[in-house]
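Q: So in the working numbering the end of the sequence shown lands on 497, straight run, no missing numbers.
From the three backbone atoms N, C-alpha and C, an ideal C-beta is built for every residue, glycine too.
First the structure, then my questions, so here it is.
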Amino acid sequence: MRRKIEQRARRRALRVRGRLTRGGHPRVSVFRSARNMYAQLIDDNAQHTLASCSTLELKNLSGDKKEKAYALGLELAKRAQAHSVSQVIFDRGTFLYHGRVKALADGLRAGGLTV
């Protein structure tokens, strides 16, 4: 049963990444664990990570996981603007666009990035 779930997740990731247009904009790659969340800004043309951030770095936050994901989006948007990036492609990977993943995207938008 677990193998089938993992296969579905791999197919979903390939489908999501296949739809991404690699037209010169950096992408925000998201990883969600049970307790924390990680996001990195990747320039696929140069194959280089421009900025990364995780909820582990945001120690002084209180609240639930969604609020921390929103704050993570704001922090990553600030770091992206330091690299003069204003538009990104959101790569959710195998994760559904729901809950913490959606809160991260909303934080990126509130921070001034076009997603």
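Strictly by DSSP, which residues pair up with L490?
A: Residue numbering aside, residue 490 sits at position 108 when the sequence shown is read from its first letter. Partner(s): none; L490 has no beta bridge.
Q: Please determine if the segment 413-425 and the segment 448-466 are in contact, where contact requires at least 3 C-beta pairs separated by less than 8 Å.
A: Taking 8 Å as the limit for Cβ pairs, the verdict is that the segment 448-466 does touch the segment 413-425.
Q: Is the CB-CB distance between L440 and L454 below 8 Å?
A: As a first step, residue 440 must be located in the sequence shown, where it is residue number 58. As a first step, residue 454 must be located in the sequence shown, where it is residue number 72. Their beta carbons are under 8 Å apart, which means L440 touches L454 by this criterion.
Q: For A428, does the three-state DSSP call read helix, strand or coil?
A: For the purposes of this step, residue 428 is taken as residue 46 along the sequence shown, with counting starting at 1. Correct three-state label for A428: coil.
Q: Can you check which of these residues, P408, T437, F413 and A395, is closest to H430 by C-alpha distance?
A: In the sequence shown, the residue the question calls residue 430 occupies position 48. It is P408.
Q: Looking at C-alpha atoms only, which residue of R491, A459 and K484 is the closest neighbour of L432?
A: Counted from its first residue, the sequence shown places residue 432 at position 50. Closest option to L432, Cα to Cα, is A459.
Q: Ordered along the chain, which non-local residues of its own chain (more than five positions away) have a Cβ less than 8 Å from that of A520?
A: An answer regarding residue 520 cannot be provided, because it is not within the stretch 383 to 497 covered by the chain.
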